[in-house]
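J.: The UniProt record's numbering puts the first residue of the sequence shown at 1, with every later residue one more than the last.
All residues carry an ideal CB built from backbone N, CA and C; glycine is no exception.
Can you read through this structure? Questions will come right after.
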Amino acid sequence: MDLGIRGKKAIVCASSKGLGRGCAIALAEAGCDIVVNGRNAELLAKTAAEIREKFGVKVIEIAGDVSKPEVQKALLAACPDPDILVNNNGGPPLRDFRTLDREKIIEGVTQNMVTPIELIQAVIDGMAKRGFGRIVNITSLSVYVPIPGLDLSSGARAGLTSFLAGVARTVVDRNVTINSLLPGKLDTDRLRGPHEAGTTEDPAAAAERKARISADVPAKRLGTPEEFGQICAFLCSVHAGYLTGQNIPVDGGLYVSAF
């Protein structure tokens with residue numbers, strides 16, 4: 001399917017690896033010029049080079065933590081009038097909520113609620129004026145299904161969800177949509193657990209780990225960043241202009257609900 005976004009400009013946050021990278025690749029495949037971002041400059045440069053070589057689109061790298069104001073300014077300087085914004089950022093680590101102090105709570109809320117709101121504030125009016133805009137937020141299935149130990153992540157992302165539910169309805173008449181993707185168990189470093197950067201997992205151990213983690217997923221497998229990215233790209237397409245304010249689980253059927 002032609003997504004109708006060839007030549008559009010996209011900012012994809014936290015896109016050097018994992019789900020963000022999957023989204024950047026899918027948008028580049030659709031013909032978008034991309035601004036990629038990540039904290040590891042070396043890994044970011046590698047991802048950017050791969051996208052340029054494979055798809056021949058313009059790719060700009062902005063290294064750094066997207067929750068930092070100076071990094072946000074750099075992203076917007078690199079692409080002051082984006083057509084597409086994909087909000088993404090790493091979540092707080094698993095920890096008992098009793099260990100959270102005020103500083104950690106504020107940091108978690110800043111990363112997973114305040115930062116995407118700030119970026120949306122910066123781009124939404126320009127999108128509305130030009131008559132096209134697609135904003136996709138990568139949140140988490142834990143917004144619907146709380147996970148003990150990820151309470152800060154769940155709370156911040158749920159706050160973002162509620163905040164944007166009203167905002168989405170104010171701009172859809174100008175062809176700007178805001179939707180969220182809620183990843184379940186996808187095959188990223190976050191599910192692999194702690195490991196030395198750049199290390200290769202033993203194939204047998206990887207197969208056992210993936211089978212164990214996905215045992216309760218109806219699809220009986222982990223999702224991939226690539227297929228996640230393709231769903232994101234569709235939400236950013238010209239075909240999705242009547243879809244807004246939605247939270248879409250990408251979880252192989254793990255979240256059980258008829259509505």
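Based on Cα-Cα distance, which residue from Q72, K73, A45 and G126 lies nearest to I60?
T.: Comparing Cα positions, the closest option is A45.
J.: Where does S142 sit, in a helix, a strand or coil, going by DSSP?
T.: Correct three-state label for S142: helix.
J.: Going by the CB atoms, is the gap between I5 and C32 shorter than 8 Å?
T.: Contact: yes.
J.: Ignore the nearest five residues each way along the sequence and tell me which others in A30's own chain have a CB closer than 7 Å to its CB.
T.: Hits under 7 Å: L3, I5, R6 and A233.
J.: Extract the residue ranges of the beta strand (DSSP E) inside the segment 73 to 113, only unbroken runs of 3 or more that lie entirely within it.
T.: The segment 73 to 113 contains these whole beta strand (DSSP E) runs: 84 to 87.
J.: Within the same chain, show all residues whose beta-carbon is closer than 6 Å to that of I138, passing over the 5 residues directly before and after it, in chain order.
T.: So the list reads L19, N88 and L181, once near-sequence residues are dropped.
J.: From the DSSP output, in three-state form, read off E53 for me.
T.: Helix, per DSSP.
J.: Return helix, strand or coil for S16, following the three-state DSSP convention.
T.: Here S16 sits in coil by DSSP.
J.: Let me confirm a value: K54 is counted as buried when at least 16 other C-beta atoms fall within 10 Å, else exposed. Which label applies?
T.: Exposed is the call here.
J.: Would V171 be called buried (16 or more neighbouring beta carbons within 10 Å of its own) or exposed?
T.: Its Cβ being crowded by 16 or more others within 10 Å, V171 is buried.
J.: To the nearest angstrom, report how far apart K9 and T161 are at their CA atoms.
T.: Going from the Cα of K9 to the Cα of T161 covers about 24 Å.
J.: Considering only DSSP beta bridges, list what I11 is partnered with.
T.: DSSP output for I11 lists V35 and L85 as bridge partner(s).
J.: On a CA-only basis, which of P146, L27 and P148 is nearest V86? Give me that one, please.
T.: Checked all of P146, L27 and P148; the closest Cα to V86 is L27.
J.: For V66, which of G108, R102 and D81 has the nearest alpha-carbon?
T.: Per the Cα distances, G108.
J.: When you compare only the Cα positions, how much space is there between R21 and T47?
T.: Going from the Cα of R21 to the Cα of T47 covers about 8 Å.
J.: Can you give the Cα-Cα distance for P93 and T99, rounded to whole angstroms?
T.: Straight-line Cα distance between these residues: approximately 12 Å.
J.: Pairing CB atoms from the segment 244 to 255 with CB atoms from the segment 149 to 169, are three or more of them under 8 Å?
T.: At 8 Å Cβ cutoff, the stretches touch.
J.: Is the CB-CB distance between G159 and G223 below 8 Å?
T.: Contact flag unset, no.
J.: Using CA coordinates, which residue listed in V145, V57 and A128 is at the minimum distance from S257?
T.: The option with the nearest alpha carbon to S257 is V145.
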